[in-house]
Structure formats: C-alpha cells, structure tokens
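J.: Numbering (our numbering), first residue to last: 5 to 360.
Even glycine gets a Cβ: it sits at the ideal position worked out from N, Cα and C.
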Ligand SMILES: NC(=O)c1ccc[n+]([C@@H]2O[C@H](COP(=O)([O-])OP(=O)(O)OC[C@H]3O[C@@H](n4cnc5c(N)ncnc54)[C@H](OP(=O)(O)O)[C@@H]3O)[C@@H](O)[C@H]2O)c1
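(1) In the DSSP assignment, the alpha helix (DSSP H) including residue 203 goes from what residue to what residue?
(2) Report the residue from 346, 353 and 315 whose alpha carbon sits nearest the alpha carbon of residue 159.
(3) Could you pull the DSSP bridge partners for residue 195 from this structure?
(4) Can you tell me where the alpha helix (DSSP H) holding residue 242 begins and where it ends?
(5) Identify which residue in 72, 20, 14 and 116 has its Cα closest to the Cα of residue 7.
(6) Which residue marks the beginning of the beta strand (DSSP E) containing residue 180, and which one marks its end?
(7) Using three-state DSSP, classify residue 351 as helix, strand or coil.
(8) For the stretch 193 to 209 against the stretch 275 to 291, do three or more pairs of beta-carbon atoms, one drawn from each stretch, fall closer than 8 Å, so that the two count as touching?
(9) Which residue's Cα is closest to the Cα of residue 212: 24, 353 and 45?
(10) Helix, strand or coil for residue 91 per DSSP?
(11) Give me the Cβ distance between residue 250 and residue 180, rounded to the nearest whole Å; I'm assuming they're in contact under 8 Å.
(12) Rounded to a whole number of angstroms, what is the C-alpha to C-alpha distance between residue 300 and residue 325?
(13) Please find out if some non-hydrogen atom of ligand 1 comes closer than 7 Å to the beta-carbon of residue 215.
(14) In whole angstroms, what separates the C-alpha of residue 64 from that of residue 239?
(15) Looking only at its own chain, which residues have a Cβ that is under 6 Å from the Cβ of residue 293, when we skip the five neighbours before and after it?
(16) Which residue spans inside the stretch 42 to 73 form an unbroken alpha helix (DSSP H) run of at least 4?
(17) Is the CB-CB distance between residue 311 and residue 138 below 8 Å?
(18) Tell me whether residue 4 counts as near ligand 1, meaning its Cβ is closer than 7 Å to at least one heavy atom of that ligand.
(19) Can you grab the Cα-Cα spacing for the pair residue 241 / residue 40, in whole Å?
(20) Using 7 Å as the cut-off, classify the Cβ of residue 169 as near or not near the heavy atoms of ligand 1, replying yes or no.
(21) Can you pull the DSSP bridge partners for residue 3?
(22) Closest by CA to residue 169, which one among 208, 271 and 136?
(23) Considering Cα atoms alone, identify which of 34, 175 and 86 is closest to residue 202.
(24) Is the stretch 329 to 341 close to the stretch 10 to 29, with three or more CB pairs under 8 Å?
(25) How far does the alpha helix (DSSP H) with residue 321 in it reach, from first residue to last?
(26) Could you round the C-beta distance between residue 84 and residue 126 to whole angstroms and report it? I think they count as a contact, below 8 Å.
(27) Exposed or buried, which one is residue 350 when buried takes at least 16 other CB atoms within 10 Å?
(28) If you check the beta carbons only, do residue 154 and residue 247 fall under 8 Å apart?
(29) Classify residue 131 as helix, strand or coil using the three-state DSSP reduction.
(30) Can you tell me whether DSSP reads residue 8 as helix, strand or coil?
(31) Taking its Cβ as the centre, do 16 or more other Cβ atoms sit within 10 Å of residue 57, making it buried, or is it exposed?
(32) From residue 216 to residue 236, what distance separates their C-alpha atoms?
(33) Taking 7 Å as the line, does the beta carbon of residue 123 fall inside it for any heavy atom of ligand 1?
(34) Can you list the beta strand (DSSP E) stretches of 3 or more residues lying completely in the stretch 255 to 332, in chain order?
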C-alpha cells in the first residue's frame, strides 16, 4: 500500500442552501483515532438525509463532522488503536428481538480489506474515518458502487422493520415510497424474510420497478388513496406493519390501515411533521405500536449491534446474490451538487452514488 497523501478532496458547504452550496475543497487526510478505521473511499452513497442536512433541516448529533455522506465503500488504509472501552448497550437501547449483547466483539479489519460502512458523516470525500464497529466486509458479489449503496438503508430498514418492528415471516407490510433507496431495501428484505408487501409509488413506471423488487401491489400515490387500496388487497384486514417516510400527511390513514397489534414505524417526514387534529382511538382499540427513529441519533453501541445483525442475517443473502441494491446513476465526487439536484427532482429510482 503506497503512502497516504497529505491532502484530499472533500465536498463541504459553509452555509445551508441549494445544491450549489456543495463545493469541493482540499483538506488534510484525517488520522484514525481509537476504534476508527480510515477508508480510501471508492464510492459514497447519497441519501435524502444529506439533502435535509444541506438545507439546514437535519438535527445533527453533537460532535460529528459537518461534511455530508453517511455511507461509503472502499479499502482500509489505516487502522486506529483498539478502542478499549467496553461496548455496552446503554439505556434507551432499541427494542430489538436480539438480547442486548454488552461487549460486542471488535471487528478486526486490516489495511487492504475491502469494506463498506455506515459513517458518522464525511463520506463525500476521498478518505473517510469510520468507526470499526460500523464497518462490514464488502460483499464479494457487489462492486464498490453497489456496496456503497448498502449501509444507510440496510441499517435503517433492519433496525426499524426487524428490530423495533419485530417483523415476522407471514406478516404484511405497507412501504411508502417503494422506489426510494429506503423503499427498495424494505421491499427486498421483506421478500427475503417472508413478508408480503405493498408499496405507494409515484406513477406506473415506478410501480413496475417496485413490483420487480417484491411489492405485490403498487399504489400510485399521485392518483390513488392508499387506504382503500390496501384494505382491498388485504381482504379488509389491514396490514401488520407500515414503514413510513411521509409523517403527518399519511399519519391518520396509516393508523387506519393497520390491523390489530399493528406497528407504525416512522422514519421520515416528507409530508410534514405536525399532525393537527387526530383521534387516538385506533391506537387504543387496535393495540397499535407507533414508534420512530433516526439512525444518526443512535449510540455507537446500538449501531454496532445493528451491524452485527446485518452481518449475521443479511450479508449471507447478499453474498448469495439473492438481493442487491439498485443504483440509478453515479456521479463524480465533484458533481455532488448534480447528484442532489437529481434526488430533489424525484426522477430517480433507487440509489444515487458518488465515485471518487
Ligand atoms: N430515520 C432514519 O434513520 C432515516 C434514514 C434514512 C432515510 N430516512 C428517510 O427516508 C426517506 C427516504 O430516504 P431516501 O434516501 O431513500 O430518499 P429518496 O430515494 O430520495 O426517496 C424519496 C421518496 O419519497 C417518495 N415520496 C415523496 N412523496 C411521496 C408521497 N406523497 N407518497 C409516497 N411516496 C412519496 C418519493 O417517491 P416518488 O418519487 O415515487 O413520489 C421517493 O421515492 C426520507 O424521508 C429520509 O429522510 C430516514
């Protein structure tokens, strides 16, 4: 492995605003601290939370880099000292199926390993520091571009649907935005783990893609109301789970579409975050669980636990080629603004990825 350069290019912004605020700049290559790994980024995924962050609308956790980029794939080029602090699941840990596992085994990554990982920010760069406990081996079946498209949506969907939502084979699921990065991951994992899914999608072409990725029914949210459509599809019973990116605009109908013991998993607010007036009776009468989360606000131990579950349960599925992320388009790193314009146009299907 050749010596590391002193400087690298990253994409940052000094003021929130439109895509044009994203600008390349030259900065020192960072050094890994305890528990961190330095990754030579070959590809970095673009996610809707990056757009919110750029617009100044994302509640950033304290102490993280302001450089966007929540997921990367590349090669390990430096490894920090082991982090001796015991990794324990603190209070407020997720309500997952797995028993809390204090003291997760530390992954032993080495220089030269091909990896992908959930960052704490800073993925839009030639090099990125990633906590070792949030790294996973790059699935051999995938190239760097597709591996970079995995972490943010796979961590989020796994944590919400399977850990917090306790999704089980045989259950039914409504996914809003079936061709979003999140939505396609949810549809793929639902199919793989034996759930029956339907999705809302912006038009017949997107609906066709959603069906290919596992939706039994696509509802065109531009022309159809999902509530009667899902009720008809489910024989009037409703669904067990809703994975929701819309928030306020769908909240009441999401409660209505759930059957007894249903779970509403809120992960976005594309339809607003304020519900004006609403009867809570469906929650009481149907014994519903309403919950939500953001991935960035989770503790390192929680993210490590999700990474471990993904490696155990989902990475074998990727290795077997049974599912893979759909990459709509790639852009060069210095075209990050164009990548954001495409995402905000909603013309894309699946993931947008930057390559260095
Ligand atoms: N909580 C977390 O930890 C977490 C983590 C990652 C992402 N997220 C959230 O998940 C969402 C998706 O993120 P992403 O990166 O996958 O973004 P994305 O690929 O840009 O997807 C956005 C999606 O929103 C859909 N949409 C907009 N209005 C809709 C409506 N009225 N009905 C149904 N779908 C609608 C769009 O579908 P059409 O174009 O078909 O209309 C599009 O598929 C965002 O809200 C993001 O903030 C949350």
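T.: So, from the data block:
(1) Careful: residue 203 lies outside any alpha helix (DSSP H), inside the beta strand (DSSP E) at 200 to 205.
(2) Residue 315 holds the alpha-carbon nearest to the alpha-carbon of residue 159 among 346, 353 and 315.
(3) Paired residues: none, contrary to the question.
(4) Per DSSP, residue 242 lies in no alpha helix (DSSP H) and is assigned neither H nor E.
(5) The candidate whose alpha carbon is nearest that of residue 7 is 116.
(6) 176 to 180
(7) coil
(8) no
(9) 353
(10) Low per-residue confidence applies at residue 91: pLDDT is 47, beneath 50, and the placement is therefore not dependable, though the value from the model is reported in the following sentence. Residue 91: coil per DSSP, three-state reduction.
(11) 5 Å
(12) Going from the Cα of residue 300 to the Cα of residue 325 covers about 28 Å.
(13) No.
(14) 43 Å
(15) 267
(16) Within the stretch 42 to 73, the runs of alpha helix (DSSP H) at least 4 residues long that lie entirely inside it are, in chain order, 52 to 58.
(17) For residue 311 and residue 138, yes; Cβs fall inside 8 Å.
(18) Coverage of the chain is limited to positions 5 through 360, which leaves residue 4 absent and any answer about it impossible.
(19) 48 Å
(20) no
(21) Residue coverage of the chain in this structure runs from 5 to 360, which leaves residue 3 outside it and unanswerable.
(22) Looking from the CA of residue 169, the closest CA among 208, 271 and 136 belongs to 271.
(23) 175
(24) Using a Cβ-Cβ distance cut-off of 8 Å, the stretch 329 to 341 and the stretch 10 to 29 are in contact, since at least three pairs of beta carbons, one from each stretch, lie closer than that value.
(25) 319 to 323
(26) 15 Å between Cβ atoms; not a contact.
(27) Around the beta-carbon of residue 350, fewer than 16 other beta-carbon atoms lie within 10 Å, marking it exposed.
(28) no
(29) strand
(30) coil
(31) buried
(32) If you take the alpha carbons of residue 216 and residue 236, they lie about 21 Å apart.
(33) no
(34) 262 to 270 and 293 to 296
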